[in-house]
Amino acid sequence: MQQIIYFFLRNKNFLLFLFLFTISIGLTLQTHSYHSNRFLNSANFFSGGIYSIQSGITGYFDLKKHNTNLVEENKRLRSQIESMKAVAPGAIIDTSAYYSDYIFRNARVIHNSYAKTKNQLTINRGRNDSLKIDMGVITSNGIVGKITHVSSNYASVQSVLNIKSQTNAKLKSTNHFGTLKWDTQNPSIVKLEDIPRLAPVALGDTVVTGGSSTIFPEGVLVGFVKQFVLNEGDDYYDLSVELFNDMTNLSHVYIIENKEKEEIKTLEVEVEDAEQ
Amino acid sequence: MQNSDSIRNGIRFALLILLQVLLCNQINFLGYINPFIYPLFILVYPLTGNKALLIFLSFLLGLTIDIFGDSGGIHAAACVFIAWIRPIALKYSFGVSYEYNTIDIAKANISRQITYIATMVLFHHLILFSLEIFSVAHILLILKYTLFTSIFSGIMIHGSILLFSRTAQ
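Sequence order for the protein chains is A and B.
Using this note's numbering, the letters of the first sequence correspond one by one to residues 35 to 310.
Using this note's numbering, the letters of the second sequence correspond one by one to residues 115 to 283.
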């Protein structure tokens with residue numbers, strides 16, 4: 035017995051090291067699994083608070099550029115409204131007809147990372163603003179990512195520049211579907227995989243989100259085809275897509291809630307259960 | 115003396131976290147190089163201080179950086195590791211007698227300083243990037259990140275040690 039106690043006393047530093055090291059590795063492994071419920075993330079009162087103070091100061095530096103972006107978007111939306119009026123002149127606008135499956139909310143990015151392999155953003159809206167996990171995040175230029183953690187006032191967003199990120203996307207012109215992934219090389223380029231070889235791909239083709247995900251509505255802008263390779267004997271293209279968004283400089287974002295999501299998920303689970 | 119040491123350590127702990135999170139994590143030099151200055155806390159922790167306490171404080175330090183960076187436990191693991199090998203690194207760089215003569219790191223021989231800082235920083239970064247990338251297939255990427263980031267972190271840490279050493283007594 036005494037021997038055991040002596041052993042512990044002699045090696046107490048090593049045992050403490052081993053214990054804490056194991057906890058750290060455990061926390062790390064949690065982040066590598068796809069559907070993790072981490073409890074340690076930057077969407078908490080402490081780090082969220084510090085980030086929002088910081089962004090309160092640095093937010094002024096890019097005001098000019100962000101204002102130009104917002105004005106550009108307003109201009110585009112206004113011209114869309116005018117063109118709709120031209121189609122149906124004088125029609126009485128019945129707002130109940132504008133039923134949409136999606137609710138849009140706005141938020142501001144208070145912390146952004148793009149130099150790591152698993153990039154995350156923090157935004158200044160949370161559970162108190164009805165945000166939930168797995169809602170999509172976009173800007174006026176294109177997709178940003180999806181919400182992975184929420185606290186009462188902040189939310190953590192998994193950027194498309196994250197090796198865990200997989201987004202359903204398609205070619206706008208031909209509707210061929212593929213999966214959007216990131217290869218960590220460049221924060222403005224993502225890869226679109228699984229586009230079949232019979233799809234007519236051309237440089238500069240627009241890529242938009244596909245309709246088979248419950249996170250993003252169909253047709254949200256992603257980017258354009260910058261380069262494509264079709265290896266001999268391959269059935270699928272290897273596409274490099276340049277994002278419309280400047281992921282290194284994000285400020286105002288929109289959060290998309292899909293009102294039908296619960297129903298779709300329930301149905302999918304029922305079908306899966308029935309097949310088993 | 116004991117008390118002023120703890121206060122100084124506490125202030126250093128908080129300042130280094132803020133410096134790392136608000137400044138160093140935003141540099142993105144050449145697109146991916148962000149120097150890590152917070153291991154300075156572990157490097158300049160009093161040489162005769164409690165080793166178990168250092169290991170525990172390093173864990174807290176790393177975990178705080180992890181919470182800010184959404185990175186799970188990679189910084190905590192790297193910090194705990196270098197806190198544990200610190201006595202070995204000190205013995206290797208400054209000789210066996212470091213525990214008895216109170217050596218001032220900033221006043222020691224320059225090659226000894228560099229050995230000590232380089233060993234600690236390289237081990238820290240190697241563990242950090244191995245855990246972050248976590249793939250044997252990307253071993254070259256891990257080594258590239260480790261090497262280039264270590265150079266910048268090493269320069270920053272060495273600079274801070276020289277700058278803040280108490281030369282005027």
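Note that the Cβ used here is the ideal one computed from N, Cα and C, for glycine as well.
Item                                                                                                                                                                : Value
Could you tell me the boundaries of the alpha helix (DSSP H) in which A/Tyr188 lies?                                                                                : No alpha helix (DSSP H) contains A/Tyr188, which DSSP labels as neither H nor E.
Is A/Ile144 helix, strand or coil by DSSP?                                                                                                                          : strand
Using only the alpha-carbon positions, how far apart do B/Arg126 and A/Lys225 sit?                                                                                  : 43 Å
Would a check of beta-carbon distances place B/Ile179 closer than 7 Å to chain A?                                                                                   : no
Just mark A/Gly160 as buried or exposed, buried being the case when its beta carbon has 16 or more other beta carbons within 10 Å.                                  : buried
Out of B/Ser118, B/Leu161, B/Val135, B/Ser172, which has the shortest C-alpha to C-alpha gap to B/Pro149?                                                           : B/Val135
Output needed for A/Ala77: all residues of its chain with C-beta closer than 8 Å, excluding positions within five of it in sequence on either side, in chain order. : Thr156, Gly160, His183, Val184, Ser185, Tyr188, Ala189, Ser190
Among A/His145, A/Ile167, A/Trp216, which residue has its Cα nearest to the Cα of A/Glu296?                                                                         : A/Ile167
What residues in the region 45-59 of chain A bring their beta carbon closer than 8 Å to a beta carbon of chain B?                                                   : Lys46, Asn47, Phe48, Leu50, Phe51, Leu54, Phe55, Ile57, Ser58, Ile59
Chain B partners of A/Asp100, CB-CB under 8 Å?                                                                                                                      : Correcting the residue type first, residue 100 of chain A is His in the shown sequence and not Asp. Chain B residues near A/His100: none, gap ~18 Å exceeds 8 Å.
Grab the span of the beta strand (DSSP E) containing A/Ser274 for me, first residue to last.                                                                        : 270-277
Taking only beta-carbon positions, decide if B/Asp218 is within less than 7 Å of chain A.                                                                           : no
Taking A/Ile59 as the reference, give the member of B/Leu277, B/Met234, B/Phe248, B/Pro153 with the closest Cα.                                                     : B/Phe248
Give the interface partners of B/Ile196 over in chain A, defined as CB-CB distance under 9 Å, in chain order.                                                       : Those within 9 Å of B/Ile196 in chain A number zero; the least Cβ separation is about 10 Å.
Give a yes or no on whether the C-beta atoms belonging to A/Val287 and A/Val171 are separated by under 7 Å.                                                         : yes
Per DSSP, which one or two residues make a beta bridge with A/Ile39?                                                                                                : Paired residues: none, contrary to the question.
Any beta carbon of chain B sitting closer than 7 Å to that of A/Gln88?                                                                                              : yes
Do B/Ala190 and B/Leu177 come within 7 Å of each other at the CB atom, strictly closer than that value?                                                             : yes
Taking just the CA atoms, how far does B/Leu240 sit from B/Leu257?                                                                                                  : 7 Å
So is A/Ala141 in contact with chain B if we call contact Cβ pairs under 7 Å?                                                                                       : no
Expressed to the nearest angstrom, what Euclidean distance is found between the alpha-carbon atoms of B/Phe155 and A/Val254?                                        : 46 Å
Helix, strand or coil: how does DSSP classify A/His210 here?                                                                                                        : coil
According to DSSP, A/Ile157 sits in a beta bridge with which residue or residues?                                                                                   : A/Val143, A/Ala189
For B/Ala128, would you say it is in contact with chain A, using Cβ-to-Cβ distances shorter than 7 Å as the test?                                                   : no
Taking C-beta pairs closer than 8 Å, name the residues in chain A that B/Ala203 reaches, listed in chain order.                                                     : Within 8 Å Cβ-Cβ: nothing; B/Ala203 doesn't reach chain A, min ~14 Å.
Could you check where the alpha helix (DSSP H) with A/Asp307 kicks off and where it finishes?                                                                       : 295-309
Does the CB of B/Phe173 have a neighbour CB from chain A at under 7 Å?                                                                                              : yes
Please report the residue range of the beta strand (DSSP E) in which A/Gly82 lies.                                                                                  : No beta strand (DSSP E) holds A/Gly82; the alpha helix (DSSP H) holding it covers 79-92.
From what residue to what residue does the beta strand (DSSP E) around A/Ser205 run?                                                                                : Checking the sequence, you will find Leu at residue 205 of chain A rather than Ser. It spans 201-205 - the beta strand (DSSP E) in which A/Leu205 sits, taken as one unbroken run.
Short check: CB of B/Trp198 to CB of B/Ile169, under 7 Å?                                                                                                           : yes
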